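Residue 534 in numbering that gives the first Met the number 0 sits at position 535 of the sequence shown; the count goes up by one each step and never skips.
We put the CB at the ideal spot given by N, CA and C, even for glycine.
All values derive from a computational prediction rather than experimental measurement.
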Amino acid sequence: MMAAIAALGMNAGQFNNEITYTKRGTTFALVAQKAQSVNLNIYAEGTGGKPVKTVAMRKGEKGVWKAEVKGDLKGRFYTFNVKQDGKMLGETPGLFAKAVGVNGKRGAIIDMAATNPEGWESDRALGYAPTDFIVYESHNRDFSVSRKEARYPGKFMALTEPWAIEHLKSLGVTAIHLLPSFDYASVDEEHLDRPQFNWGYDPLNYNVPEGSYSTNPFKPEVRVKEFKQMVKALHDAGIAVILDVVYNHTMDIQNSNFQRTNPDVFYRKNDKGEYSDGSGCGNETASENPLMRQYMIESFKYWADEYHLDGFRVDLMGIHDIATMNLIREALPKNVLIYGEGWSAGSCAYPVEKLAMKANIYQMPGIAAFSDEMRDAIRGPFSDDHQSAFLAAKPGHQESIKAGIVGCIEHPQVDYSKVNYSKKPWAAEPTQMMAYVSCHDDLCLVDRLKASIPGIGTDELIRLDLLAQTAVFTSQGVPFMLSGEEMLRDKKGVHNSFKSPDSINQLPWDNMQKYPQVFAYYKGLIALRKAHPAFRLGSAELVRKHLEFLPVEEGLVAFRLKDNAGGDAWRDIYVVLNANKYACMVDVPEDAYTSVVAAGKVNLDGIRSTTTSKLEVPAQSALIVHN
Ligand code: CA
Numbered sequence: 000m001m002a003a004i005a006a007l008g009m010n011a012g013q014f015n016n017e018i019t020y021t022k023r024g025t026t027f028a029l030v031a032q033k034a035q036s037v038n039l040n041i042y043a044e045g046t047g048g049k050p051v052k053t054v055a056m057r058k059g060e061k062g063v064w065k066a067e068v069k070g071d072l073k074g075r076f077y078t079f080n081v082k083q084d085g086k087m088l089g090e091t092p093g094l095f096a097k098a099v100g101v102n103g104k105r106g107a108i109i110d111m112a113a114t115n116p117e118g119w120e121s122d123r124a125l126g127y128a129p130t131d132f133i134v135y136e137s138h139n140r141d142f143s144v145s146r147k148e149a150r151y152p153g154k155f156m157a158l159t160e161p162w163a164i165e166h167l168k169s170l171g172v173t174a175i176h177l178l179p180s181f182d183y184a185s186v187d188e189e190h191l192d193r194p195q196f197n198w199g200y201d202p203l204n205y206n207v208p209e210g211s212y213s214t215n216p217f218k219p220e221v222r223v224k225e226f227k228q229m230v231k232a233l234h235d236a237g238i239a240v241i242l243d244v245v246y247n248h249t250m251d252i253q254n255s256n257f258q259r260t261n262p263d264v265f266y267r268k269n270d271k272g273e274y275s276d277g278s279g280c281g282n283e284t285a286s287e288n289p290l291m292r293q294y295m296i297e298s299f300k301y302w303a304d305e306y307h308l309d310g311f312r313v314d315l316m317g318i319h320d321i322a323t324m325n326l327i328r329e330a331l332p333k334n335v336l337i338y339g340e341g342w343s344a345g346s347c348a349y350p351v352e353k354l355a356m357k358a359n360i361y362q363m364p365g366i367a368a369f370s371d372e373m374r375d376a377i378r379g380p381f382s383d384d385h386q387s388a389f390l391a392a393k394p395g396h397q398e399s400i401k402a403g404i405v406g407c408i409e410h411p412q413v414d415y416s417k418v419n420y421s422k423k424p425w426a427a428e429p430t431q432m433m434a435y436v437s438c439h440d441d442l443c444l445v446d447r448l449k450a451s452i453p454g455i456g457t458d459e460l461i462r463l464d465l466l467a468q469t470a471v472f473t474s475q476g477v478p479f480m481l482s483g484e485e486m487l488r489d490k491k492g493v494h495n496s497f498k499s500p501d502s503i504n505q506l507p508w509d510n511m512q513k514y515p516q517v518f519a520y521y522k523g524l525i526a527l528r529k530a531h532p533a534f535r536l537g538s539a540e541l542v543r544k545h546l547e548f549l550p551v552e553e554g555l556v557a558f559r560l561k562d563n564a565g566g567d568a569w570r571d572i573y574v575v576l577n578a579n580k581y582a583c584m585v586d587v588p589e590d591a592y593t594s595v596v597a598a599g600k601v602n603l604d605g606i607r608s609t610t611t612s613k614l615e616v617p618a619q620s621a622l623i624v625h626n
């Protein structure tokens with residue numbers, strides 16, 4: 000890693016050391032490569048007022064501008080103002096502020112060590128292997144805002160509360176993936192009394208927690224401390240913490256911290272000299288640029304080190320280049336999970352064969368991508384919410400689901416020529432594939448079922464919901480679920496709820512009493528996966544050796560995990576997914592079988608045992624048996 004950074008002509012930690020605080024004085028070091036001058040302003044407040052001091056920074060090596068201000072600056076705020084080409088670029092908290100004032104306009108000088116909660120020294124990332132991750136994708140506000148017992152509705156601190164921890168532990172997920180929780184722009188932190196909501200895909204300060212999720216966004220140390228308290232509480236419960244990171248674009252170009260320090264360096268332009276927009280959000284960053292590349296490496300590393308994070312979900316990872324993603328992988332501890340969206344939202348101003356797209360995942364060991372093959376084969380294509388697929392027993396989706404079951408690796412029984420999007424396997428190892436049927440994007444599963452199967456009743460909806468997630472939780476990829484699916488959430492049919500009100504986005508906690516069978520089934524499937532290594536073999540070789548598909552009619556997918564796969568206590572495990580509206584028979588070698596999943600119920604101790612050569616799978620349900 001050090002060699003790689005040296006090759007870029009940069010110093011390790013170049014960005015990360017933007018301010019160094021001691022009681023005697025604070026040093027400032029800003030990368031501003033083409034600046035003519037840089038002013039440092041010191042303020043008493045996080046917003047408003049005039050600087051109490053302005054210091055002209057001096058130019059050092061490699062475009063780093065430096066200043067030292069004597070005295071104890073704790074509690075003060077600061078901005079930089081860069082002059083380039085005769086023009087002042089405007090005030091900015093810099094590139095790597097670790098604490099900011101309200102709405103992230105000014106950096107804040109705090110004593111980072113004082114933000115550590117009790118017991119933080121012994122807190123660590125949990126070090127789970129990729130095969131141990133069962134990911135629960137959650138939004139800080141959705142999760143807790145409507146929960147009656149919540150002391151801190153909509154805040155990081157909600158995830159320290161007993162009811163929250165108890166829910167996650169009871170469900171059995173091993174990791175929570177938080178939608179953007181770095182400082183983003185769209186929610187006005189000064190007016191949290193007004194109804195506001197956003198997913199947060201509009202980055203402002205990459206290395207600071209978001210203020211609206213803290214109990215006091217005006218006090219810079221509070222969000223830092225509360226984020227750590229959240230991580231600690233989750234870690235204490237054995238739940239890993241994954242952050243959704245959005246380095247592919249910034250809120251805007253004009254006012255971004257990148258543009259106000261190093262104009263145009265961090266963004267891609269197309270052949271016409273216009274800003275490229277591969278993110279669909281107005282711009283796209285340039286990870287191949289040595290500065291952006293190092294910035295990303297340092298930022299990932301900072302979150303992992305300072306906040307003990309267990310994983311990262313990389314938004315529109317297909318905008319970043321392969322080399323940068325591999326350097327990030329190398330810079331992070333081996334067991335920090337990295338997965339991303341292996342696509343972009345528009346065309347990028349960089350050769351597609353060099354981008355961290357899904358098709359190139361095999362060149363990125365230890366990095367995973369979401370499988371849209373499996374997702375869309377189950378529920379229907381992302382391009383049309385009203386179209387159904389396997390869940391409506393439509394033919395032609397078996398191979399795509401099979402690809403998802405094996406983790407999109409090469410497998411002798413998966414015919415990739417019949418897979419919906421990828422005509423060849425793209426993962427070298429099964430843990431390079433995220434298995435899912437819904438996430439925050441697009442309709443949640445309930446809404447999708449309603450939209451694609453007109454007139455569907457509640458009973459059928461529940462049957463198909465459980466069937467869909469059975470594919471996810473028995474996949475050799477890394478299983479991933481949207482929070483609230485376990486309580487049959489809906490979003491009133493809203494497809495893109497990124498700024499919808501709480502009434503759309505909040506979890507319906509009352510549903511826990513209304514549909515207890517849904518929670519029980521999810522919990523059962525997760526327990527099954529955790530108790531049986533056959534479902535998470537972790538290597539392509541083992542999957543090819545132990546996972547065998549059975550020849551079955553349309554509307555069914557069936558496979559067995561044979562010969563005590565992965566050292567499993569069960570010799571052979573048969574999984575059958577039946578989307579047909581009638582019961583189906585599947586031929587198996589005559590033997591005594593015990594069912595553990597049947598007709599929407601899970602019991603790991605066994606539901607029923609019979610000696611047979613034919614498994615009967617009830618309509619619209621999954622059957623799992625073992626011998
Ligand atoms: Ca913010």
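Spatially closest choice to residue i from the options, by CA coordinates
i       : options                               : result
Arg-312 : Lys-49, His-176 and Arg-535           : His-176
Phe-265 : Thr-249, Ser-278, Ser-298 and Cys-280 : Thr-249
Ser-137 : Gln-505, Gly-89, Glu-589 and Glu-428  : Gln-505
Thr-26  : Gln-195, Lys-65, Glu-60 and Gln-35    : Lys-65
Gly-406 : Gly-126, Lys-357 and Gly-93           : Lys-357
Gly-605 : Asn-269, Ile-572 and Asn-579          : Ile-572
Pro-453 : Ala-236, Gly-492 and Leu-541          : Gly-492
Glu-189 : Asn-206, Gly-103 and Asp-235          : Gly-103
Gly-59  : Ala-34, Asn-261 and Ala-43            : Ala-34
Ala-28  : Leu-481, Ala-55 and Arg-75            : Ala-55
Thr-91  : Ile-41, Glu-340 and Lys-73            : Ile-41
Lys-69  : Lys-61, Val-186, Lys-22 and Gly-47    : Lys-22
Ser-612 : Val-245, Ala-591 and Gly-93           : Ala-591
Contacting residues, own chain, Cβ-Cβ under 7 Å from residue i (five flanking each side not counted)
i       : result
Leu-233 : Leu-158, Ile-175 and Val-240
Lys-423 : Tyr-415
Phe-95  : Phe-14, Asn-15, Glu-17 and Asn-206
Ser-286 : Arg-292, Met-295, His-319, Asp-320 and Thr-323
Tyr-301 : Asn-15 and Asn-206
Classification of residue i by the beta-carbon crowding that lies within 10 angstroms, buried from 16 upward
i       : result
Arg-57  : exposed
Tyr-581 : exposed
Met-291 : buried
Arg-607 : exposed
Gln-13  : buried
Val-99  : buried
Val-51  : exposed
Thr-53  : exposed
Arg-267 : buried
Lys-218 : buried
Thr-78  : buried
Asn-495 : exposed
Gln-397 : buried
Glu-351 : This sequence places Val at residue 351; Glu is not what is there. Classification for Val-351: exposed.
Neighbourhood of residue i by C-beta distance below 6 Å, restricted to the same chain and skipping five residues each side
i       : result
Trp-342 : Gly-317
Asn-510 : Met-486 and Leu-487
Val-616 : Val-575, Asn-577, Cys-583 and Leu-622
Arg-222 : Pro-208, Gly-210 and Ser-213
Pro-364 : none
Glu-220 : Ile-109 and Thr-114
Residue-chain proximity (residue i, chain D), Cβ-Cβ < 7 Å
i      : result
Ile-41 : Within the model displayed, chain D is absent; a lone protein chain is all it includes.
Same chain, Cβ closer than 8 Å to residue i, neighbours up to 5 away in sequence not counted
i       : result
Ser-180 : Asn-139, Phe-155, Gly-199, Pro-208, Glu-209, Tyr-212, Phe-226, Leu-242 and Asp-243
Ser-620 : Arg-462, Leu-465, Leu-466, Asn-577, Ala-597, Ala-598 and Gly-599
| said: For the structure I just gave you, are there three or more beta carbon pairs, one from the region 552-571 and one from the region 167-177, closer than 8 Å? | reply: no
| query | In chain order, what are the residues with a CB under 7 Å from some non-hydrogen atom of ligand 1? | reply | Asn-102, Gly-103, Asp-182, Tyr-183, Ala-184, Val-186, Glu-188, Leu-203, Glu-209, Gly-210 and Ser-211
| Taking contact to mean at least 3 C-beta pairs separated by less than 8 Å, is the region 363-382 in contact with the region 425-439? | yes
| Stretch pair the region 275-295 + the region 345-353: three plus CB contacts closer than 8 Å | yes
| query | Counting Cβ pairs, one atom from each stretch, are 3 or more of them under 8 Å apart for the region 456-474 and the region 111-118? | reply | The region 456-474, when compared against the region 111-118, does not touch it at the 8 Å Cβ threshold.
| message | Within 8 Å, do at least three Cβ pairs link the region 388-397 to the region 542-562? | response | yes
| Quick check: the region 192-199 against the region 76-83, are there 3 or more CB pairs under 8 Å? | no
| Should the region 254-272 be called in touch with the region 145-161, which here means at least 3 C-beta pairs below 8 Å? | no
| query | Between the region 283-303 and the region 324-332, are three or more C-beta pairs nearer than 8 Å? | reply | Yes: at least three Cβ pairs fall under 8 Å.
| Sufficient close CB pairs (3 or more, under 8 Å) joining the region 222-232 to the region 304-311 | yes
| message | Could you check whether the region 353-369 touches the region 395-404, counting it as contact only if at least three pairs of C-beta atoms, one from each stretch, sit closer than 8 Å? | response | Here the region 353-369 makes no contact with the region 395-404; the two share fewer than three CB pairs at distances below 8 Å.
| Are three or more beta carbon pairs between the region 529-544 and the region 475-483 nearer than 8 Å? | They touch, by the three-pair rule.
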